[in-house]
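Since the structure comes first, as structure tokens, the remarks are kept for the end.
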Amino acid sequence: MDQATDDLQRLMDLAASLRPRFASGKPLPRLLFVTDPARTPDPEAIAARLPAGAGVIYRAFGAVDALTRARALAAIARERELLLLVGADADLAEAAGAAGVHLPEREIGAATRLRSDHPHWILSAAAHSLDAARRAKSVGCDVVLASTVFPSRSPSAGAPMGAQGFAAFVAAAPLPVYALGGVNVKTAPELLSSGAAGFAMVDGFRT
Numbered sequence: 000m001d002q003a004t005d006d007l008q009r010l011m012d013l014a015a016s017l018r019p020r021f022a023s024g025k026p027l028p029r030l031l032f033v034t035d036p037a038r039t040p041d042p043e044a045i046a047a048r049l050p051a052g053a054g055v056i057y058r059a060f061g062a063v064d065a066l067t068r069a070r071a072l073a074a075i076a077r078e079r080e081l082l083l084l085v086g087a088d089a090d091l092a093e094a095a096g097a098a099g100v101h102l103p104e105r106e107i108g109a110a111t112r113l114r115s116d117h118p119h120w121i122l123s124a125a126a127h128s129l130d131a132a133r134r135a136k137s138v139g140c141d142v143v144l145a146s147t148v149f150p151s152r153s154p155s156a157g158a159p160m161g162a163q164g165f166a167a168f169v170a171a172a173p174l175p176v177y178a179l180g181g182v183n184v185k186t187a188p189e190l191l192s193s194g195a196a197g198f199a200m201v202d203g204f205r206t
């Protein structure tokens, strides 16, 4: 077994042992792969290795090939029984047949319209504070991705809250919370008793 496969199996096992604070009526993955044009230039290769039941958040950031890539990821998601969300673009999500949309914190308010137009979609949002998490709940989001948990290579990463800070965030949040930021096979064990809904990772999956 190569190191990448071994790490993925370890992450699967760790995610399966989480005890989420909230039970959801929607199929929320325990593992979420969050794409990034610079840090994960070949998201299809990563998605093709994910276990059934995992999820992908495709963030196009206005790429000219966004529809082609979204449809490729959607095809992989159907084949491998993954959940596909599209970042901040409801039209792209519709065109690709995605299961919902992920909103950056500054666009949380858009969830009101999205929930009305697509009642069965899964809506997730980025949350860098409890106020943002409460706002996400109030407008119909299903989950939030809280960051930054551990030191991260993301250029937008703030000061890490650490495992204890994240657990406190989860305890106070009104909806399921994913851990994002520096989460990988080495740091994930620190979050097993946090009440997290799952692990969300950009760099955490090796290709």
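Per numbering that gives the first Met the number 0, the very first residue in the sequence shown carries number 0; after that it's consecutive. Glycine is no exception: its CB is placed at the ideal position from the N, C-alpha and C atoms.
Is the distance from the Cβ of residue i to the Cβ of residue j below 8 Å?
i: Gly86; j: Thr111; result: no
i: Phe32; j: Ala62; result: no
i: Ala47; j: Ile75; result: yes
i: Gly108; j: Leu84; result: no
i: Ile56; j: Phe204; result: no
i: Ser123; j: His101; result: yes
i: Leu49; j: Leu72; result: no
i: Pro103; j: Ala125; result: yes
i: Val82; j: Pro26; result: The question names Val, but residue 82 is Leu in the sequence shown. It is a contact, given that the beta carbons lie within the stated cut-off.
i: Ala132; j: Pro173; result: yes
i: Ala166; j: Ser193; result: yes
Compute the Euclidean distance between the alpha carbons of residue i and residue j, then round it to the nearest angstrom.
i: Pro28; j: Gly161; result: 22 Å
i: Pro188; j: Asp88; result: 33 Å
i: Thr39; j: Ser153; result: 12 Å
i: Leu129; j: Gly197; result: 18 Å
i: Val142; j: Ala15; result: 18 Å
i: Ala158; j: Thr34; result: 21 Å
i: Arg9; j: Ala51; result: 15 Å
i: Pro175; j: Met200; result: 16 Å
i: Pro19; j: Ala195; result: 5 Å
i: Glu80; j: Ala69; result: 16 Å
i: Phe21; j: Arg58; result: 26 Å
i: Ser115; j: Thr186; result: 38 Å
i: Leu191; j: Thr4; result: 21 Å
i: Gln2; j: Met11; result: 14 Å
i: Pro118; j: Asp90; result: 15 Å
i: Arg105; j: Asp6; result: 33 Å
i: Phe168; j: Tyr177; result: 10 Å
i: Phe17; j: Leu66; result: The amino acid at residue 17 is misidentified as Phe; the sequence shows Leu. Their Cα atoms are separated by approximately 34 Å.
i: Asp202; j: Asp41; result: 12 Å
i: Leu13; j: Ala37; result: 27 Å
Can you tell which of the options has its C-alpha closest to the C-alpha of residue i?
i: His127; options: Asp116, Gly164, Ala92 and His119; result: Gly164
i: Ala95; options: Gly24, Gly108, Asp64 and Leu49; result: Asp64
i: Glu78; options: Ala92, Arg105 and Glu43; result: Glu43
i: Trp120; options: Asp5, Gly24 and Met11; result: Gly24
i: Ala92; options: Leu17, Glu106 and Leu113; result: Leu113
The alpha helix (DSSP H) that contains residue i, what's its start and end?
i: Ala131; result: Leu129 to Ser137
i: Val63; result: Note, Val63: premise wrong, no alpha helix (DSSP H); not H, not E.
i: Ser146; result: Note, Ser146: premise wrong, no alpha helix (DSSP H); not H, not E.
i: Gly161; result: Gly161 to Ala171
i: Leu82; result: From DSSP, Leu82 is part of no alpha helix (DSSP H) but of the beta strand (DSSP E) over Leu82 to Gly86.
i: Ile45; result: Pro42 to Ala46
At which residues does the beta strand (DSSP E) containing residue i begin and terminate?
i: Phe220; result: Residue coverage of the chain in this structure runs from 0 to 206, which leaves residue 220 outside it and unanswerable.
i: Leu179; result: Val176 to Leu179
i: Ala125; result: Ile121 to Ala126
i: Leu102; result: Gly99 to Leu102
**Asked** Are there three or more Cβ pairs, one per stretch, closer than 8 Å when the region 177-191 is compared with the region 143-153?
**Response** yes
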